[in-house]
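Working notes, beginning with the structure itself.
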Amino acid sequence: MSKNLKALLEKKLAENSQRHADASQETDFDVGRQHTKLSVDEIDPNPYQPRRVFSQPELDELAASIAEVGLLQPISVRQVRDRYQIIAGERRWRAYKLLGRATIEALVIAVEESDMAVLALVENIDRADLSDYEIGKALRRIEGLFPTRKKLAEALGLNREDMYRYFTFEHLPEPILARLDANPRLLSRAAATDIKRVMQSIEPPSLALQLLNRAWDLLEAGRLEQTKISQFLLRELRVFKEGDAAKSHETQTLARNGQSMGSISRDKKHLVIKLKIDVLSDEEEAKLRNFIEQLTAGSV
Numbered sequence: 010m011s012k013n014l015k016a017l018l019e020k021k022l023a024e025n026s027q028r029h030a031d032a033s034q035e036t037d038f039d040v041g042r043q044h045t046k047l048s049v050d051e052i053d054p055n056p057y058q059p060r061r062v063f064s065q066p067e068l069d070e071l072a073a074s075i076a077e078v079g080l081l082q083p084i085s086v087r088q089v090r091d092r093y094q095i096i097a098g099e100r101r102w103r104a105y106k107l108l109g110r111a112t113i114e115a116l117v118i119a120v121e122e123s124d125m126a127v128l129a130l131v132e133n134i135d136r137a138d139l140s141d142y143e144i145g146k147a148l149r150r151i152e153g154l155f156p157t158r159k160k161l162a163e164a165l166g167l168n169r170e171d172m173y174r175y176f177t178f179e180h181l182p183e184p185i186l187a188r189l190d191a192n193p194r195l196l197s198r199a200a201a202t203d204i205k206r207v208m209q210s211i212e213p214p215s216l217a218l219q220l221l222n223r224a225w226d227l228l229e230a231g232r233l234e235q236t237k238i239s240q241f242l243l244r245e246l247r248v249f250k251e252g253d254a255a256k257s258h259e260t261q262t263l264a265r266n267g268q269s270m271g272s273i274s275r276d277k278k279h280l281v282i283k284l285k286i287d288v289l290s291d292e293e294e295a296k297l298r299n300f301i302e303q304l305t306a307g308s309v
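For the sequence shown, the tail end lands on 309 under the numbering used here, and the numbers increase by one without skipping.
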């Protein structure tokens, strides 16, 4: 049934008028439908709606269009107890609320949970204003309705390999996902896949997040392209390692009265103290040996 829904939806989208080319469209069913008017206040959004951010200027434009020529296509809903959930047409419903309209034309349809989820996603999946991140979140929300991701891909008519790229976002750190929630168009699934690959090679994870946050600041500021984030991470990792290596081989010169008397150096395994044999008196050497004995005994 899901594939039939997809085909019916695509047919309706193609038949839609130019004025409402940006509006969400509707499928038609031979059975299980009822055309009616519903109160806008007894309708709830589709829980599987993939679009998380609605453009206010576009909603204003749609509302103005509806005010001028009316609603060209009713929204579709399904009844859930004493309320209704939108299957398709959330933008039209929001536009009606902006206009202060009390009721809206609706097609009440009996559909299965999985079909409702598929319809909501397929309706939006090819829209230019729906980001890869939003599609990825929608896929994660509905995948539990299908036995396998393969079945999910078949229901949506998606190439499996391409669908799996949408799931790449779930491997990004939570702080980055929170920033994507605020600006979902910042990152494509291809760039996310590259970032995931690089992040997995960086240890510890805290360092990987530190570098990615630095890259994200530049991305949000428009100073770094998303396609170059993985290169940025590798470059910053290299700089970090070079700096860390330099620190691990630092040597400090020891001096007394302006005269060199030795050095302290360290690498990843050793701390080495070197003193010229003639710079310490017998008493000073005894004090130094005594201090080292106390230090190793843990009594200092």
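Where a beta carbon is used, it is the ideal one built from N, C-alpha and C, also for glycine.
Three-state class that DSSP yields for residue 232 in the structure shown: Under the three-state reduction of DSSP output, residue 232 falls in the coil class, being neither helix nor strand.
Under 8 Å, do residue 151 and residue 204 count as touching if we go by C-beta distance? Taking 8 Å as the Cβ cut-off, residue 151 and residue 204 do not qualify as a contacting pair.
Does the structure place the region 47 to 66 close enough to the region 138 to 148 that three or more beta carbon pairs sit under 8 Å? A contact is defined here as three or more CB-CB pairs under 8 Å, and the region 138 to 148 meets this definition with respect to the region 47 to 66.
How is residue 117 classed by DSSP in three states: helix, strand or coil? The answer is strand: DSSP assigns residue 117 an E or B state.
By alpha-carbon positions, which one of 73, 226, 284, 123 ends up nearest to residue 105? Ranking 73, 226, 284, 123 by Cα distance to residue 105 puts 73 first.
Spatial distance of residue 99 from residue 118 (CA atoms): The alpha-carbon of residue 99 is positioned some 15 Å away from that of residue 118.
Mind reading off the beta-carbon distance from residue 96 to residue 128? Whole number of angstroms is fine, and I expect it under 8 Å. Indeed they touch by this definition, with Cβ atoms about 6 Å apart.
Does the distance from the CB of residue 184 to the CB of residue 216 come in under 8 Å? Remark: C-beta atoms of residue 184 and residue 216 do not approach each other more closely than 8 Å.
Looking only at its own chain, which residues have a Cβ that is under 8 Å from the Cβ of residue 235, when we skip the five neighbours before and after it? The answer, listed in chain order, is 195, 196, 197, 200, 228.
Hey, quick one: how far does the alpha helix (DSSP H) through residue 65 stretch, first residue to last? Per DSSP, residue 65 is one residue of the alpha helix (DSSP H) stretching across 65 to 78.
Alpha carbon of residue 159 to alpha carbon of residue 169, nearest angstrom: Each residue's Cα considered, the two are about 7 Å apart.
Since residue 176 and residue 164 should fall inside the 8 Å C-beta cutoff, what is the C-beta to C-beta distance between them, to a whole number of angstroms? For residue 176 against residue 164, the beta-carbon gap comes to about 15 Å, at or over 8 Å, which does not count as contact.
Beta carbon of residue 84, beta carbon of residue 111: below 8 Å? 8 Å or more divides the Cβ of residue 84 from the Cβ of residue 111.
Leaving out the 5 sequence neighbours to the left and right, which residues in its chain are closer than 7 Å to residue 88 when beta-carbon positions are compared? Hits under 7 Å: 117.
Would you report the Cα separation of residue 214 and residue 308, rounded to the nearest angstrom? Answer to the nearest angstrom: the Cα atoms are 37 Å apart.
With distances taken between CB atoms, is the gap from residue 223 to residue 245 smaller than 8 Å? The answer is yes: Cβ separation under 8 Å.
Exposed or buried, what is residue 193 when buried is set at 16 or more other beta-carbons lying within 10 Å of its beta-carbon? Sixteen is the threshold: when 16 or more other Cβ atoms of the shown chains lie within 10 Å of the Cβ of residue 193, as they do, the residue is buried.
Would you kindly work out how many angstroms separate the C-alpha atoms of residue 68 and residue 49, rounded to a whole number? Looking at the two C-alpha atoms, the distance is approximately 16 Å.
Using a Cβ-Cβ distance under 8 Å, would residue 77 count as near chain C? Of the protein chains in this structure there is only one, and it is not chain C.
Could you check which residue in 280, 292, 295 has the C-alpha nearest to that of residue 260? The option with the nearest alpha carbon to residue 260 is 280.
Distance, residue 139 Cα to residue 82 Cα: The straight-line gap from Cα to Cα measures roughly 21 Å.
Nearest-angstrom Cβ-Cβ length linking residue 242 and residue 288, presumed shorter than 8 Å: That pair is no contact at about 48 Å.
Taking only three categories from DSSP, how would you classify residue 58? Coil.
Could you give the distance in angstroms between the alpha-carbon of residue 221 and the alpha-carbon of residue 171? When the Cα atoms are used, residue 221 and residue 171 turn out to be separated by approximately 24 Å.
Run through the DSSP bridge pairs and tell me what residue 126 is partnered with. Per DSSP, residue 126 has no beta bridge partner at all.
So, for residue 180: in the same chain, excluding its five sequence neighbours on each side, which residues have a beta-carbon less than 7 Å away from its beta-carbon? The beta carbon of residue 180 sits closer than 7 Å to the beta carbons of 205 from its chain, once the five residues preceding and following it are set aside; these are given in chain order.
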